[in-house]
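There are 2 protein chains.
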Amino acid sequence: MTAQDQVAADGVATARVVFQPSGRRGTFPLGTPLLDAARALGVYVESVCGGRGICGRCQVSVSEGRFAKEKLSSSADHLGPVTEAEARYASLRQLAADRRLSCQATILGDMVVDVPVDAQTNRQVVRKRAETVKLAPDSTIRLVAVTIDEPDMDQPLGDADRLLSVLARETGLSGLSLDAPLLARVQAILRKGNWHVTAAIWQDGGHPPLVTALWPGEKTTVYGLAVDIGSTTIAAHLCDLATGRTVTSAGTSNPQIRFGEDLMSRVSYVQMNPERLPDLVATVRAAVDALVAKLVADVGASRADVLDAVVVGNPIMHHLFLGIDPTELGGAPFALAVSGAVHQRADALGLELNPGARVYMLPCIAGHVGADAAAATLSTRPFEADAITLVVDIGTNAEIVLGNRDRLLAASSPTGPAFEGAEISCGQRAAPGAIERIRIDPVTLEPRFKVIGLDEWSDDPEFAGKKDQVGVTGICGSGIIEAVAELFLAGVITEDGLIDGTLAEKSPRIIRQGRTFAYVIAAEGIELAIGQRDIRAIQLAKAALYAGIQLLSDKLGNPEIARIRLAGAFGSYIDTKYAMILGLIPDCDLAEVASVGNAAGTGARMALVNRGERRVIERVVREIEKIETALEPRFQEHFVNAMAIPNKVDRFPRLSQVVALPVPGRALAEGGETEPDDGGRRRRRRRG
Amino acid sequence: MTAQDQVAADGVATARVVFQPSGRRGTFPLGTPLLDAARALGVYVESVCGGRGICGRCQVSVSEGRFAKEKLSSSADHLGPVTEAEARYASLRQLAADRRLSCQATILGDMVVDVPVDAQTNRQVVRKRAETVKLAPDSTIRLVAVTIDEPDMDQPLGDADRLLSVLARETGLSGLSLDAPLLARVQAILRKGNWHVTAAIWQDGGHPPLVTALWPGEKTTVYGLAVDIGSTTIAAHLCDLATGRTVTSAGTSNPQIRFGEDLMSRVSYVQMNPERLPDLVATVRAAVDALVAKLVADVGASRADVLDAVVVGNPIMHHLFLGIDPTELGGAPFALAVSGAVHQRADALGLELNPGARVYMLPCIAGHVGADAAAATLSTRPFEADAITLVVDIGTNAEIVLGNRDRLLAASSPTGPAFEGAEISCGQRAAPGAIERIRIDPVTLEPRFKVIGLDEWSDDPEFAGKKDQVGVTGICGSGIIEAVAELFLAGVITEDGLIDGTLAEKSPRIIRQGRTFAYVIAAEGIELAIGQRDIRAIQLAKAALYAGIQLLSDKLGNPEIARIRLAGAFGSYIDTKYAMILGLIPDCDLAEVASVGNAAGTGARMALVNRGERRVIERVVREIEKIETALEPRFQEHFVNAMAIPNKVDRFPRLSQVVALPVPGRALAEGGETEPDDGGRRRRRRRG
């Protein structure tokens, strides 16, 4: 029963609300917060503060005037008064005159609500930007313009049959057929084009060639869609299939978050509520479909111009997008329903593209190593390298691929969400106001930091005047890595990760928190501190990652790792040096450690614009040796050793050439000069 | 807006009605006739008398008792009283105690209405019965039972992938894949079968082999559906795909009749109301789907046991079933949207079979010669004969195929609906009460006849006592042919088709009708007479057919026609001798003239149980020479010559060995003995 049905049944005074641009509408009791109304109707408006008027993500505006079609007289008067929380937000962060926070504004009369683009697509900084793909275009779609004879009673071949015969002659293709849904449209299109039409012929792998789309007259530009469905964010790119160029990109939060913040909680949700599986499936498909609307609008194209799509995601997102119950992936043996590449019709997956559009999903490598890892592998190409290459895609699970052209191994490590800012007391996602960079003076222990949304560091004289634009709201994944590494370099924490409480006497930054201590980064507005539990969470996460890498390295005979590629949103923004100081990744020449951005999205685009890449990754995935970390007895041993910072095994000889690491086992027992840091300032290691 | 919404809005007193077995339900104003309620809900109840309580086709029964789930107290008391028309019908034709005529019975309270099987599937005698097909079975479906390994974390191939690899090994098939919708079900099925499952592998033509269905454990019997969609009736057969045997058949009226009695009126309807195309499409698909329910129930199977289907029909039915606008078929150049064979998913065509079931539609030969004619050609096999063979499928259009293994020609002739009893004053479809056989004594001019539904002829002493069981309601196609031929043989009509009015003085059977005359067959109850206009309609129809045949014969150099096959409902029931006397078909040894029943349905079954037959008919249809009668200048000449009885050109030497025909041009001018008729009685030709 929908909200408005209940209202009608109860006889409560109600008002009608239409949300734009989605056009969804409903009737709600007077006094209902707009955010609740939006949620009841499935209109996506972000909110991260739990409706407390703090985050400002849920801004909307209310249109004025009468709407004849709806018989709806909409006015700002139909909104409840500005609340205290809203006034505070407006004074602190600024709120445009036509905006209201939908968690605060209540419904007092009929209205039309505009959900601004920034709220629709989520103001969170979706850090999945398209990298440039340089690849000879060879997509699955070939456009062929032909003129066919008019129908002839003496040769009564059907219109579709005459078209196919001319196309076959023109292209030399045999076994060409017409996608069944086109049968009902072929006559009108041929007549509209006066017997001159452009056909899109789809060819992929062993499938017989198929005419999937048809336009009257000439058609020269068609697009493909590449999508990386993460558990937190979804990134989509629109590519010109003829040139292979990415013409626009867009991202959004994965709205499945409402069914569970992380992957396993969504699987649990399905296990507990199997009847809700269709909702989870529809939710992610609708989010992708909404991105399509944005992408095609960006370039002035239409949905019908999109002929092909490649979708990647971790195994659970992959399964949910395909409509497959992910329950088996929730426990050993983590059985995938399907691991090979999947072809589907786009319309069967709820995507409104051209009615004949196809979707290709890259193969999954294993139950924890999905099509996203396959795509990252495709774009980073360790299978073509002589050098031993490590590819790490860090999310709630870290996918690890290690090896070279001779042998490639893959595994997943359960890093948990700490790297994404979860499980950290002041952690948050990478969004404006989040600390993303931090330096700690080893002498004074004073921090300086940079927040997302402002260019100035906190010790810049202009920072104080500007910081209220975004606030200082928390610390995101890359900020936490730097904070813990800097605390280690500054001697505040030991190699075992313990905060040295004796420093509390020397610096107000070190404070007691129950039986342990914490380091305070900022104390204005909200208190931002890194406590012992936060550091422990980071240690657990980085130890899981490192142990996974070590396990694969063992299998390869512990070769020297010559190249490291860090993929994913987190991998894109962390400073590789700090990742190495913390021991997330093994020792390597820093010049050979690179962030490759959204490598999964890049791989998806490669498979989109060049179908040969699909065959490459299908072959590579078959050949990759899959290691299940849970089955390996040495994983635990590696994990325990990797808890220390950087860890208890490696000496990090190459990193040590750049950064003077505290000597493991002797931390805080001796002193010394550090190497110059990237700021060029010298700093002294504190004595213990 | 549905009927019940209107009612609720108007505040009129209403009652709820549930129709069984469909379960459709609605709320209607008190006083609504049950037939109107059924129609509003899309429940198919036949009625051919326009709701006048005459035809008795719309019988239903009303269940008594309370229905807890519906909170519905149903009782015969909730029905309006028996009407005068109903009482008359009951006294005349008998009406079971629990039955009411739904056009007469009105709704006075909540009720559950049972639509009896005879009303659901139409009491009309659907004369499309399955002929025995003897063909080595080689269907598109192969059942393979396999056991696969359980999932293994060390070899994390997906469940579907392991299944496919075992199936490929077992069958030697390459390029095997899983039908996309199965991906969401494969894990549950494998686990339910404890890793032992039966897969249905579909293979047809150039399509890569596909697993379209999967069952836990062993599955040994699966079925296919063969459907012939005529403009008037739809016949469907269920075949065991392993044995090739037809296990059950069923027929129904084509409910599209409500959009137009004949094909061209349905095309006009779509032209005038293009927005109603989906309704026409849905109507015919729903009728086929309803037959599926009946067929599977007949053999205790389920819809999911049906894996494949072959559908044939004339071009307009073919297009409408595929969802294609038939407008182009309504006028020259009669362009088919598609003439080649079509593969589709059954679910895309609204058929609820196994979710992976496929539908194959035979190719169409030309804009007027459809997949039904192709199927009739497949089953009568002129393309394998040395002898020149004529295949005629008579409906509103007659499809004509003439030739042999060397050369085959096809055409369509616009015979109109006279042969089906339309355009005839006392004509009706082949249903109980229709005269189907008639003999006219050449001396007394008295008729004797036989009606459908009774074994006795009208001159049988028992006939009088039994005839009220079915009544004598009209004359159907085969009856009209015999009547006109007998009138000709009895000298009542001339070779030009004129009724000899001078006979009115000698027999009360000949009566004046305005400026012409008529022959009265029966006068009890309703008057059944053959008038001049009726004879003219038959002449026009048979001339069109004969002219089409002659045109093809011309193209072949007028060879001797050695075999004639009469297909279709009409062709099945006419006496071939009378057809030849009337000049419907050319002279031929009567032993070589055979009715082949529903040859189109037979061909559909052949293509269903043996996929090689699909390749045969695809090749034959490509090779058939299509003749468009409208474009041939000699058609009109042949047509005019063929108006006479038998016609003005042929001497019918072989027919004359069996029947003494009046000499053309000298009819009624001389006399002579006739040959014995099939009753063994001798009769004298009357003098003019």
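As given, the protein sequences belong to chains A and B, one line each in that order. Residues 1 to 688 (the numbering used here) are what the first sequence spells out, left to right. Residues 1 to 688 (the numbering used here) are what the second sequence spells out, left to right. Glycine included, each C-beta is placed from N, C-alpha and C at the ideal position.
In this structure, the straight-line span from the alpha carbon of R437 of chain B to that of I481 of chain B is close to 9 Å.
A straight line joining the alpha-carbon of L655 of chain B with that of P586 of chain B spans about 9 Å. Residues of chain B with a Cβ closer than 8 Å to the Cβ of V338 of chain A are, in chain order, G158, D159, A160, D161, L178, L183 and V186. Contacts between A375 of chain B and chain A, judged by CB atoms closer than 9 Å, are missing: the closest CB pair is about 17 Å apart. Between the C-alpha atoms of A579 of chain A and Q344 of chain A there is a straight-line separation of about 40 Å.
By the neighbour-count criterion, in which a residue is buried when 16 or more other Cβ atoms sit within 10 angstroms of its Cβ, N254 of chain B is buried.
Taking a C-beta cut-off of 8 Å against chain B, the contacting residues of the stretch 623-648 of chain A are K626, E628, A630 and L631, listed in chain order. Put simply, of A:T32, A:A37 and A:P363 the residue whose alpha carbon is nearest the alpha carbon of F19 of chain A is A:A37. Chain B places a beta carbon closer than 8 Å to that of M153 of chain A, counting this residue as a contact.
For Q344 of chain A, at least one C-beta of chain B is nearer than 8 Å to its own C-beta. For F321 of chain A, no chain B residue has a C-beta closer than 8 Å to its own C-beta; the minimum C-beta separation is roughly 11 Å. Chain-ordered, the chain B residues with CB closer than 8 Å to the CB of G206 of chain A read G175 and P208.
When beta bridges are read from the DSSP output, D441 of chain A appears opposite no residue. Under the three-state reduction of DSSP output, D305 of chain A falls in the helix class.
Under the 8 Å criterion on CB atoms, F259 of chain A is classed as non-interfacial with respect to chain B. In this structure, P33 of chain B sits near Q104 of chain B, with a CB-CB distance shorter than 8 Å. E495 of chain B is classed as buried because its beta carbon has at least 16 other beta carbons within 10 Å across all chains shown.
About 4 Å separates the beta carbon of I499 of chain B from that of F517 of chain B, a gap short enough to meet the 8 Å contact definition. Close partners of G557 of chain B in chain A (Cβ separation under 7 Å) are lacking, with about 19 Å as the shortest Cβ gap.
Here I435 of chain B is near C476 of chain B, since their CB atoms are less than 8 Å apart. Using a Cβ-Cβ cut-off of 8 Å, I324 of chain A is close to L183, A184 and Q187 of chain B, given in chain order.
In summary, the residues of the stretch 367-401 of chain B whose CB is separated from some CB of chain A by less than 7 Å are G367, in the order they occur in the chain. For E328 of chain B, a Cβ of chain A is located within less than 8 Å of the residue's own Cβ. R99 of chain B: member of the beta strand (DSSP E) spanning R99 to L101, first to last residue.
Under the Cβ distance rule, A309 of chain A does not count among the residues neighbouring chain B, no pair being separated by less than 8 Å. The Cβ atoms of A286 of chain B and Y223 of chain B do not sit closer than 8 Å to each other. With respect to chain A, the C-beta atom of A348 of chain B has a partner C-beta closer than 8 Å. For C364 of chain B, the nearest CB of chain A lies under 8 Å from its own CB, placing it at the interface with that chain.
It is roughly 14 Å from the alpha-carbon of W202 of chain B to the alpha-carbon of V310 of chain B.
Boundaries of the beta strand (DSSP E) harbouring S249 of chain B: T246 to S253, taken from the DSSP string. Setting aside the 5 residues that flank it on each side, T106 of chain B is surrounded in the same chain by G31, P33 and G80, each with a C-beta closer than 6 Å to its C-beta; the list follows chain order.
The contact set of F488 of chain A on chain B, defined by CB atoms closer than 7 Å, is empty, because the minimum CB distance reaches about 36 Å. Pairing A160 of chain A with V186 of chain A gives a Cβ-Cβ distance under 8 Å. P442 of chain B counts as buried, since no fewer than 16 other beta carbons sit within 10 angstroms of its beta carbon. Remark: C-beta atoms of D325 of chain B and V270 of chain B approach each other more closely than 8 Å.
Beyond the five residues adjoining it in sequence on each side, V45 of chain A comes within less than 7 Å, by CB distance, of L35, A38, C58, V60, S102, V115 and A119 in the same chain, given in chain order.
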